[in-house]
Each structure stands twice: as C-alpha cells, then as structure tokens.
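Asks: Quick one: the structure is below, and I'll ask about it shortly.
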Amino acid sequence: MTKFVFVTGGVVSSIGKGIVAASLGRLLKSRNYSVSILKLDPYINVDPGTMSPFQHGEVFVTQDGAETDLDLGHYERFTDTSMSRLNSVTTGSIYQAVINRERRGDYNGGTVQVIPHITNEIKERIDRVAKDTNPDVVITEIGGTVGDIESLPFLEAIRQFRKDVGRQNVLYMHVTLVPWIASAGEMKTKPTQHSVKELRSIGIQPDILICRCDRPLPTGLKHKLSEFCDVPVACVIPAIDAKSIYEVPLILEREGLAQQTLELLNMEQHQPDLTQWQTLVERLYSPKHPIEIAIVGKYVQLSDAYLSVVEALRHAAIAMSGDLRLRWVNSEKLEVDGAENHLAGVDGVIVPGGFGVRGVDGKIEAIKYARINQIPFLGLCLGMQCSVIEWARNIVAFTDAHSSEFEPHTENPVINLLPEQQDVVDLGGTMRLGLYPCRVLPNTLAFSLYQDEVIYERHRHRYEFNNAYRNLFLESGYVISGTSPDGRLVEMIELPKHPFFLACQFHPEFQSRPSAPHPLFKGFIEAAIAHSQSYEGRHAPVSVS
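Residues in the sequence shown are numbered consecutively from 463, following our numbering.
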C-alpha cells in the first residue's frame, strides 16, 4: 500500500518545505522506492498561469501542459520523475470543482460546506495521485505557514487522511526555524514550540521536526525541542544552511531523515546509493573554468522568476566544470543605456521567456549585441521571437518588423498568431502548453547537440513564427533547424557563422536535470567556456557533422 508523508511549515514563509520534500524524494529514490510529490497551494488562483512572476516566481510547466508552482521543478530535478497536473492543487481549483458539482446538482440540494465537501475534494486529489502513479510513497507539501487562514482546509484534510488510510501509513513532517539571536548570543527554540503548538491545536502531532538553522543545533536544544514538541530526539532533524540546494539531500541523509521516515512508516530499510549525487555536489564545489553569463529579462529583480533557467545553467556548468557567475540585466535599462554598457565582458547571453511588450526592445538590443560581437547566445521562447524580430529589422531591413502581440498594426508581423487562433479571446485558449514533438534538421548545431532526429520539449507560448516570411529568412542566412513534424511550425533557429547562436520556441530548462543537463544548455556553456578562454573573446564556430 502507498505510504503518505505530509510536509508543513511554520514560523516564517519560504522556510524550504519544497526543498525538504524534494530531498526526501531523492533519498527514498536512492533506496529504490518510487516517489510522487504533490503540492497543495492555498492561494485562490486556479493556477499560477496568469500571476505576475514578481508575485510567485516562475510558472513551471509539466509535460501534460499544467501551469504549476515552481516547487514542482524542484521535485522533478531532485527525483528525476516527471510530474503532471495531478501533482499541483490550489484552493482555487478545489473550490472550482466543488462549485461545479453543486451547480450540476451532485450534492442533491444539500448545503455545501468546507467540511466535508472541500476537505473531501482535497483528500480525493491526494488519493488520485496515489492511484494514478501507484508510488511507494506520496510526499505532499502544504504551501503557506501553519496559522495562515488560507491553509486551514488543507490541514484539516490531512488530519482526517491519517484516519482514512490508517495511522501506520501516514507521517507528518514539520519544517520550522530555530533562529540565532545575535544580541543574546544563542539559538532560540520558542518559535518552533509555538509553531508546533499551533499545529497540535488543529489535531496534527508532527512525527518529525526539520529544524532550519544557520549553525549546528546543540544537543541540549534537540532534547528541549523533543520534550516540548513530543517528538523523539532522533526525529529532531537539523537542516543547516547549505551553499547549494543540491547539498541538502546529503545533509539530511547524514542527519538520518530517510532512516527515521522509513522506520515510522514501517518500511524496509534499504541501503542508499547516493554516489552520483555526491559526485555532482563535489563537481559543483570544485569548478575550473570561470564564466559569466548575462540573463537579460524584465523580472530580474526576483531571480525566482527565472529559476529553471538558472538551474539548467548550473546543471550544465557542473557537467562542464564551469564556475558559473550570473549577471542579471534588466532589459528595460538596455533601451536607455545601450547593450555595451551592460553586456561588455560577458561570455554568454541568455534571453528567457516572458509576456508583454515591456522590455522587449532591450532584449532585441541584447540579441543584436551578441550576434555582432560573436558572443554565445541562447534564446528561449520569447527569446526566439525577439531573435526573429532583430534579424528582420537589422538584416532583412524591415525596420517596422514586430510581433503582432506587441504591435497589432505592424506591416511586417514576423511573429503572429496562427489563423485558427485569431478569434479566441480566453487567455489560455490560444496557448501551446506542454510536451510537443520537434523534428531536428541534420547538419545543424541543434542536431549536433541533440543527436536525435525527433525530440520532445515543453512549450508555454501563444505566438508563432510567421511562415509568410520563412523563405525570406532562409535566403538571408538564417537556418531553421527545428520544426514541428509536419514542418508547419518553426521550433528552432540558428546562425551557422557564429560560435553559438541558437534560439528555440520551447522551454528546454524545464527538462534539465542535475544528473542529465539539457543538451542546449550544455552546448551553450561549452561555447561560453571556449569564449572566455579565447584570445579577445573570439574563437572558431562550433563544428557540426
């Protein structure tokens, strides 16, 4: 039977519940247990798809096209397991489902209430993950902080869940903060005590405490927390701040998290194999080649807005022994100051995805700078669209070229909606979301990186390359290296006489893994290392077979 672990958080938000859940998933997988991880988010939006990245960080897209919380990216990267729309649940989606049932008359005229209707729907979503994927363990992270009014229905649902499936099949794990108070010169357990008291007041007794701290937790304080919170000393697990999130599974393994979890769930203790993960962390902490990569976007004030891009760069840098340094460049400033003032000296330029016209001209300037100065460039989604606009304006001489998303009346809409999308008004109705196939053309940079004729990548966009301009681009020197299998949609473009210039309509960052860097990012980092080592920042183009 599937076992269930519920991860809650206390004291402060952003305590690291997602990384703890993902790390536990990694540790269990290293013991040959299958794992699925579920996120219960208390916000009332149906999903984060229409939320500003400044509000909630990036939107992570699953293979089946669900727009989800960024924590699902951590789950996938740590466990090497693809999640689906079943793994992301919000208050909005729960209430939407219940209200739809009420409108259909499914409740036979009964009064619809939080208990049992909302809580039953939450429990059904948890159970659905177990039935659909049949894992050994389902780890469920409850968003927010214990004490928040928004998360109360979720906490009540997981309290009931233990009774429904049996006490021996459920474990409650609480992530909390043990702060160091500099003026007192000591660590304080009171915030954790109050957080556990709040949790117990609604009927949940934590089985394991994960104590976030910036220094080792003294034995005396572990015993104190054990006494006050009614948790065995062995289940008071310190989680000391790490230099990288990828070290966290190793820290929690040393502290016995997986061992205690398996013991409490009456599961067999298997010997873990973390050799590959240990090697990964060692390579991360012993880089050889310093490189500086510019990320040019309009949400750079919040790095979480580009979280998967950063992690994909890090995966590739680990594989290539690169000492990754990021230069965050606000694309709006390029429109005022020019590209030279913000991009001089970088070894690579990435223009990631986004929506809306703000900062687009700055991204186009960055692409022009990378193209002219032979700096490795990788464009993602909107980054590809901006690459097409830049080429149309500066090489093909369509000075008014633009995307119809940003300039509906342009005479040269090199980026445009497909004809069948023109009359759709719902924001999600015109989106291409999730996994789609792409045919890679031989004798291109893309093929040399993928080494495969057909690939599958995740999309999240609305506008496409306008095929009315395809021949014009090909004649002027662009290479279309990836298309949909029927050849209708342009998926990748590149410039052959450039060290590395490639842009794609999809989001390769979503499929990068620490142990398996994405080919496009790996090739980009390799080119950036060569650029940093070359005389005056110039070297021969990447050779392709």
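Beta carbons are placed, not taken as given, at the ideal position from N, Cα and C, and that holds for glycine. These numbers were taken from a predicted model, which means no experiment stands behind them.
Starting from Glu-794 and walking both ways along the alpha helix (DSSP H), at which residues does that stretch end?
Replies: Counting from 1 along the sequence shown, the entry for residue 794 is found at position 332. Per DSSP, Glu-794 belongs to the alpha helix (DSSP H) from 793-799.
Asks: Assign Pro-875 to one of three DSSP states: helix, strand, or coil.
Replies: Taking the sequence shown and counting its residues from 1, the one referred to as residue 875 is at position 413. Correct three-state label for Pro-875: strand.
Asks: What residues in its chain sit with their C-beta under 7 Å from that of Leu-889, if we drop five residues either side in the sequence?
Replies: Numbered from its first residue, the sequence shown carries residue 889 at position 427. The pLDDT assigned to Leu-889 is 45, lower than 50, so where the model puts this residue is not dependable, and the model offers no usable value.
Asks: Could you please give the first and the last residue of the uninterrupted alpha helix (DSSP H) stretch that includes Tyr-831?
Replies: For the purposes of this step, residue 831 is identified with residue 369 of the sequence shown, where counting begins at 1. Looking at the DSSP string, the run of the alpha helix (DSSP H) that includes Tyr-831 is 822-834.
Asks: So what's Val-640 in DSSP terms, helix, strand or just coil?
Replies: Here residue 640 corresponds to residue number 178 of the sequence shown, with the count starting at 1. In the structure shown, Val-640 sits in coil (DSSP, three-state: anything other than H, G, I, E or B).
Asks: Where do the ends of the alpha helix (DSSP H) carrying Asp-589 lie?
Replies: Within the sequence shown, the letter at position 127 stands for residue 589. Per DSSP, the unbroken alpha helix (DSSP H) holding Asp-589 starts and ends at 581-595.
Asks: Could you tell me which residues DSSP puts in a beta bridge with Met-954?
Replies: Here the question's residue 954 lines up with position 492 in the sequence shown. Answer by DSSP bridge pairing, in chain order: Gly-944, Cys-966.
Asks: Cα-Cα, which of Phe-986, Val-902, Asn-878 is closest to Leu-775?
Replies: The count along the sequence shown starts at 1 and reaches residue 775 at position 313. For the residues Phe-986, Val-902, Asn-878, the minimum Cα distance to Leu-775 belongs to Phe-986.
Asks: Assign Thr-861 to buried or exposed, taking buried as 16 or more other Cβ atoms, counted over all protein chains shown, within 10 Å of its Cβ.
Replies: For the purposes of this step, residue 861 is taken as the residue at position 399 of the sequence shown. Exposed, since its Cβ has fewer than 16 Cβ neighbours within 10 Å.
Asks: I need the straight-line Cα distance from Ile-991 to Leu-951, nearest angstrom please.
Replies: For the purposes of this step, residue 991 is taken as the residue at position 529 of the sequence shown. For the purposes of this step, residue 951 is taken as the residue at position 489 of the sequence shown. If I take the Cα positions, the gap works out to 32 Å.
Asks: Assuming Ala-756 is part of the alpha helix (DSSP H), what are its boundary residues?
Replies: Taking the first residue of the sequence shown as position 1, residue 756 is located at position 294. First-last for Ala-756: 751-759, but that is the beta strand (DSSP E), not the alpha helix (DSSP H).
Asks: Give the DSSP bridge partners of Asp-785, in chain order.
Replies: What you label residue 785 is simply residue 323 of the sequence shown in a count that begins at 1. Asp-785 is bridged to Pro-752.
Asks: Helix, strand or coil for Gly-472? Go by DSSP, reduced to three states.
Replies: Counting from 1 along the sequence shown, the entry for residue 472 is found at position 10. In the structure shown, Gly-472 sits in coil (DSSP, three-state: anything other than H, G, I, E or B).
Asks: Considering only DSSP beta bridges, list what Ser-550 is partnered with.
Replies: The residue labelled residue 550 in the question sits at position 88 within the sequence shown. Looking at the DSSP output, Ser-550 sits in a beta bridge with Lys-501.
Asks: Among Val-916, Arg-924, Leu-934, Pro-958, which residue has its Cα nearest to the Cα of Asp-948?
Replies: Start at 1 with the first residue of the sequence shown, and residue 948 comes out as number 486. Taking only the C-alpha atoms, the option nearest Asp-948 is Val-916.
Asks: The alpha helix (DSSP H) spanning Glu-730 covers which residue range?
Replies: Taking the first residue of the sequence shown as 1, we reach residue 730 at position 268. Taken as a continuous stretch (DSSP letters only), Glu-730 belongs to no alpha helix (DSSP H), as it is neither H nor E.
Asks: What does the Cβ neighbour count give for Asn-549, buried or exposed, with the cut at 16 atoms within 10 Å?
Replies: Position 87 of the sequence shown, counted from the start, is the residue given in the question as residue 549. Residue environment: Asn-549 is assigned as buried (16 or more neighbouring CB atoms within 10 Å of its CB, all protein chains considered).
Asks: Determine the closest residue to Val-698 out of Leu-724, Lys-705, Asp-669, Glu-852, with distance taken between C-alpha atoms.
Replies: Taking the first residue of the sequence shown as position 1, residue 698 is located at position 236. For the residues Leu-724, Lys-705, Asp-669, Glu-852, the minimum Cα distance to Val-698 belongs to Asp-669.
Asks: Looking only at its chain, what residues have a beta carbon closer than 8 Å to the beta carbon of Ser-866, apart from the 5 residues adjacent to it on each side?
Replies: Residue 866 sits at position 404 when you count from the first residue of the sequence shown. Once the five neighbours on either side are set aside, the close Cβ partners of Ser-866 are Thr-872, Pro-875, Ile-877, Asn-878, Leu-879, Tyr-925.
Asks: With H, G and I counted as helix, E and B as strand and the rest as coil, what does DSSP make of Lys-465?
Replies: Numbered from its first residue, the sequence shown carries residue 465 at position 3. In this structure, Lys-465 counts as strand in the three-state DSSP scheme.
Asks: Return the chain-ordered list of same chain residues with a C-beta closer than 8 Å to the C-beta of Arg-621, the five sequence neighbours on each side being excluded.
Replies: Numbered from its first residue, the sequence shown carries residue 621 at position 159. Ile-664, Gly-665, Ile-666, listed in sequence order.
Asks: Please check the pair Glu-603 and Lys-491, which I expect to be a contact at CB under 8 Å, by giving their CB distance rounded to whole angstroms.
Replies: Position 141 of the sequence shown, counted from the start, is the residue given in the question as residue 603. Position 29 of the sequence shown, counted from the start, is the residue given in the question as residue 491. Between Lys-491 and Glu-603 the Cβ distance is about 17 Å, and since that is not below 8 Å, they are no contact.
Asks: By the three-class DSSP mapping on this structure, what secondary structure does Ser-573 have?
Replies: Locating residue 573 in the sequence shown gives position 111, where the first residue counts as 1. First, the residue type needs correcting, since residue 573 is Thr and not Ser in the sequence shown. The answer is coil: DSSP assigns Thr-573 none of H, G, I, E or B.
Asks: Between Trp-642, Pro-641, Lys-625, which has its C-alpha nearest Tyr-634's C-alpha?
Replies: Counted from its first residue, the sequence shown places residue 634 at position 172. Closest by alpha carbon: Lys-625.
Asks: CB-CB under 6 Å to Ala-484, same chain, minus the five flanking residues each way: which ones, in chain order?
Replies: Start at 1 with the first residue of the sequence shown, and residue 484 comes out as number 22. Here the set comprises His-536, Tyr-537, Phe-540.
Asks: Please report the Cβ distance between His-969 and Arg-922, rounded to the nearest whole angstrom; I am assuming they are in contact, meaning their Cβ atoms lie under 8 Å.
Replies: By one-based count along the sequence shown, residue 969 stands at place 507. By one-based count along the sequence shown, residue 922 stands at place 460. The C-beta distance from His-969 to Arg-922 rounds to 6 Å, short enough to fall under 8 Å.
Asks: So the candidates are Ser-706, Phe-516, Pro-597; which of them puts its Cα closest to the Cα of Ser-748?
Replies: In the sequence shown, counting from the first residue as 1, residue 748 sits at position 286. Among Ser-706, Phe-516, Pro-597, the Cα nearest to that of Ser-748 is on Ser-706.
Asks: Run through DSSP, which three-state label would Pro-981 get?
Replies: Looking up residue 981 in the sequence shown gives position 519. DSSP places Pro-981 within a helical segment (H, G or I) once states are collapsed to three.
Asks: With distance defined between alpha-carbon atoms, name the residue in Val-658, Phe-972, Pro-976, Gln-836 nearest to Ser-996.
Replies: Here residue 996 refers to the residue found at position 534 of the sequence shown. If we check each option's Cα against that of Ser-996, Gln-836 comes out closest.
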